[in-house]
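Top line first, the protein sequences correspond to chains A and B. Positions 0 to 93 (numbering that gives the first Met the number 0) are the ones given, in order, by the first sequence. Positions 0 to 194 (numbering that gives the first Met the number 0) are the ones given, in order, by the second sequence. A short write-up of the structure that comes next.
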Amino acid sequence: MLRELDPLLHSQLRLGIMSLLMNAESAEFTYLKEKTNATAGNVSVQLDKLSEAGYISVEKTFNGKKPLTTCRITKKGIKAFEEYVNSLKDYIKK
Amino acid sequence: METKNDNLSPQQSLDLISSMINQAKGNVGRSSFYFLLWGWLIAFCNFGMYIVLKFTDYEEYAPSVWLLCIPAWAISAMYGRRESKTKMVQTHLDKISMWVWICMAIVITPAWVFGGKINWMMNAIILMPVGAATFLSGIIVRFNPLLVGGIVFWIAGIGCYFVNTTDQYLVGGIAMILGYLVPGYMLRNQKENHA
Numbered sequence: 000m001l002r003e004l005d006p007l008l009h010s011q012l013r014l015g016i017m018s019l020l021m022n023a024e025s026a027e028f029t030y031l032k033e034k035t036n037a038t039a040g041n042v043s044v045q046l047d048k049l050s051e052a053g054y055i056s057v058e059k060t061f062n063g064k065k066p067l068t069t070c071r072i073t074k075k076g077i078k079a080f081e082e083y084v085n086s087l088k089d090y091i092k093k
Numbered sequence: 000m001e002t003k004n005d006n007l008s009p010q011q012s013l014d015l016i017s018s019m020i021n022q023a024k025g026n027v028g029r030s031s032f033y034f035l036l037w038g039w040l041i042a043f044c045n046f047g048m049y050i051v052l053k054f055t056d057y058e059e060y061a062p063s064v065w066l067l068c069i070p071a072w073a074i075s076a077m078y079g080r081r082e083s084k085t086k087m088v089q090t091h092l093d094k095i096s097m098w099v100w101i102c103m104a105i106v107i108t109p110a111w112v113f114g115g116k117i118n119w120m121m122n123a124i125i126l127m128p129v130g131a132a133t134f135l136s137g138i139i140v141r142f143n144p145l146l147v148g149g150i151v152f153w154i155a156g157i158g159c160y161f162v163n164t165t166d167q168y169l170v171g172g173i174a175m176i177l178g179y180l181v182p183g184y185m186l187r188n189q190k191e192n193h194a
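What follows is the structure in structure tokens.
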């Protein structure tokens with residue numbers, strides 16, 4: 000029986016963000032916004048959802064007077080992403 | 000990128016993941032600054048040592064040329080700090096690359112500091128780990144000239160075992176030009192072409 004795809008990851012923008020973070024030690028909000036080509040509001044909402052699920056950690060600091068939001072994928076996030084990719088492979092093999 | 004589109008097919012999801020991973024590839028030209036700074040500096044120090052030892056009577060002062068490395072460390076540290084502030088993402092490869100060069104520095108520093116104990120015949124020791132770090136950087140940023148540069152350092156390092164102290168510096172200087180400066184300029188050109 001095919002595993003159900005994680006609904007939190009099965010969304011274009013959230014999956015894009017998680018894919019970027021899988022390949023990075025850390026990434027700034029601006030970077031994620033640029034690479035996904037999404038609006039700041041959209042990215043912000045999706046980061047909150049991923050953070051609430053414990054898939055990413057979000058650190059808010061300041062670089063001088065400029066606010067800086069840095070995101071990192073968590074162990075839980077890595078596991079969820081790997082399971083999602085494995086489920087995708089099962090779907091494609093079917 | 001839309002957020003509402005949750006009806007991704009498995010193939011679309013895989014394509015999206017692959018495209019995002021490609022987006023997150025590091026900037027290969029970023030490290031050219033270090034290759035050029037250290038390439039010029041170490042080549043200058045090597046040729047300086049060679050000229051002083053070969054053509055003058057001031058050989059006891061020759062090792063002092065290596066003191067130029069101290070401001071170069073400071074410049075490298077400041078540049079690295081500035082880069083990390085402006086860089087919006089740090090990839091795993093960036094981190095690995097940074098530690099490769101820190102390990103290399105730890106390995107070669109005793110040769111610089113205690114070089115007098117081995118009659119300053121340090122190029123035979125230094126060029127091998129420098130070659131390893133250069134070669135690994137080439138693998139990390141997928142840049143073949145750095146692989147060639149690493150091999151040049153290894154050949155030069157072996158060659159240093161067969162020449163006298165003075166000529167080691169000539170070999171070291173030439174190795175720096177071929178191993179650091181040539182790939183460093185090629186890396187910088189690639190960065191400018193991609194800018």
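Note that the Cβ used here is the ideal one computed from N, Cα and C, for glycine as well. Owing to the predicted nature of the structure, the values given are computational and were not obtained by experimental measurement.
In this structure the region 74 to 87 of chain B does not lie against the region 102 to 113 of chain B, because fewer than three pairs of beta carbons, one per stretch, are closer than 8 Å. For the options B/138, B/134, B/161 and B/167, the alpha carbon positioned closest to that of residue 151 of chain B is the one of B/134.
Around the beta-carbon of residue 83 of chain A, 16 or more other beta-carbon atoms lie within 10 Å, marking it buried. Closer than 8 Å at the C-beta level to chain A, one finds these residues of the region 80 to 103 of chain B: 84, 87, 88, 89, 90, 91, 93 and 94. Annotation for residue 180 of chain B: no alpha helix (DSSP H) segment contains it, and DSSP assigns it neither H nor E. Taking 7 Å as the Cβ-Cβ cut-off, the region 8 to 23 of chain B approaches chain A at 9, 10, 12, 13, 15, 16, 19, 20, 22 and 23, given in chain order.
Note on geometry: alpha-carbon atoms of residue 165 of chain B and residue 110 of chain B lie some 16 Å from one another.
Residue 91 of chain A has its alpha-carbon roughly 20 Å from the corresponding atom of residue 7 of chain A.
Under the three-state reduction of DSSP output, residue 13 of chain B falls in the helix class. Residue pairing by DSSP places residue 23 of chain A opposite B/90 in a beta bridge. In the pairwise beta carbon analysis, the region 10 to 25 of chain A is classified as touching the region 68 to 81 of chain A: at least three pairs are separated by under 8 Å.
Per DSSP, residue 67 of chain A is not a residue of any alpha helix (DSSP H); the beta strand (DSSP E) it occupies stretches across 65 to 72. Two segments are said to touch when three or more pairs of C-beta atoms, one from each, lie closer than 8 Å; by this definition the region 47 to 55 of chain B touches the region 158 to 172 of chain B. Taking the beta carbon of residue 23 of chain A as reference, the chain B residues within 8 Å of it are 23, 88, 89, 90 and 91, listed in sequence order. For residue 83 of chain B against residue 190 of chain B, the beta-carbon gap comes to about 18 Å, at or over 8 Å, which does not count as contact.
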